[in-house]
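Numbering (this note's numbering), first residue to last: 18 to 285.
Here it is, written out as structure tokens:
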């Protein structure tokens with residue numbers, strides 16, 4: 018069984034700065050400590066974008082300092098708040114596919130494909146894109162791994178979530194992405210961040226899991242066009258389990274009170 022810890026939307030800011038009075042670096046440190054303590058057998062941590070809040074080199078440096086304390090391998094991805102040139106200055110060993118941060122993780126009969134949906138030229142600065150180069154990379158991997166169970170991780174979702182403002186800044190060429198997936202039944206699971214909310218469902222018959230931020234969340238306000246709404250609700254990460262027959266995504270709210278060691282709640 019393969020186990021991976023999925024973080025997203027960590028939004029690191031400069032020392033002394035906060036987001037709605039929360040220090041994202043403190044939250045991430047707390048989340049990583051929780052994850053490593055409860056899941057020391059995990060094979061790696063994957064951070065699915067929005068590594069920083071402003072895309073500044075100093076923010077990436079602070080993130081790197083936090084991640085240096087993690088005993089597990091860490092793979093990082095880009096989101097709409099990131100800035101690729103600043104990221105490259107600090108994370109010099111990050112994967113490079115024609116300039117994009119895309120990579121594959123192989124685990125027996127499973128493959129995790131991590132996609133770079135950052136659109137550096139987006140007029141709104143926050144919507145996503147998978148250009149021809151990135152889609153070609155994805156298509157080639159799906160062809161190569163047609164006999165595997167494939168999980169795709171991308172910061173931006175390619176479909177509407179009901180949060181009107183966030184839907185406005187989703188993956189702009191989502192229809193093209195969905196059409197490509199539809200041609201490859203090996204794709205079993207999609208994992209996204211971006212919306213700062215736990216959302217489970219399916220799109221075109223493929224399972225979807227969207228995970229909350231480690232820091233601030235979007236309030237449950239379906240239909241609101243504001244993309245800047247934020248609330249201090251529990252920070253979270255996801256536990257991805259790859260079994261022989263199943264792919265499971267278990268959300269974990271790590272800032273809730275400690276879990277009970279013993280309970281008779283399910284006794285008859």
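Even glycine gets a Cβ: it sits at the ideal position worked out from N, Cα and C.
Asked	Found
Of the listed residues 219, 265, 132, 245, nearest to residue 64 (C-alpha basis)	132
Burial state of residue 285 (16 or more Cβ within 10 Å)	Bear in mind that a pLDDT of 43 at residue 285, under 50, signals an unreliable position, so the model cannot answer this.
Simplified DSSP state of residue 37, which is helix, strand or coil	coil
Where residue 167 sits in the DSSP three-state scheme	strand
Three-pair Cβ contact test at 8 Å for the region 25-43 versus the region 66-82	yes
Assigned exposure category for residue 44 - 16 Cβ within 10 Å defines buried	buried
beta-carbon residue 30 near the ligand ADP non-hydrogen atom, thresh 7 Å	As far as ligands go, the structure on display features none, and thus does not contain the ligand ADP.
Own chain, CB closer than 6 Å to residue 170, minus 5 neighbours either side, in chain order	65, 131, 208
Counted within 10 angstroms of its Cβ, other Cβ atoms place residue 183 as buried (16 or more) or exposed	buried
Integer-rounded CB distance, given that residue 215 should sit under 8 Å from residue 229	5 Å
Pair within 8 Å by beta-carbon distance, residue 267 and residue 256	yes
Reduced DSSP category for residue 134 - H, G, I as helix; E, B as strand; rest coil	coil
Continuous alpha helix (DSSP H) stretch holding residue 209: start and end	Element bounds for residue 209: not the alpha helix (DSSP H) but the beta strand (DSSP E), 204-209.
Extent of the continuous alpha helix (DSSP H) run through residue 123	Unbroken run through residue 123 is the beta strand (DSSP E), 120-124; no alpha helix (DSSP H).
Three-state secondary structure (DSSP) of residue 30	coil
Three-state class that DSSP yields for residue 20 in the structure shown	strand
Per DSSP, the bridge partner or partners of residue 286	As displayed, the chain neither begins before 18 nor continues past 285, which places residue 286 out of reach and without an answer.
The region 94-101 in contact with the region 44-56 per 3-pair CB rule at 8 Å	no
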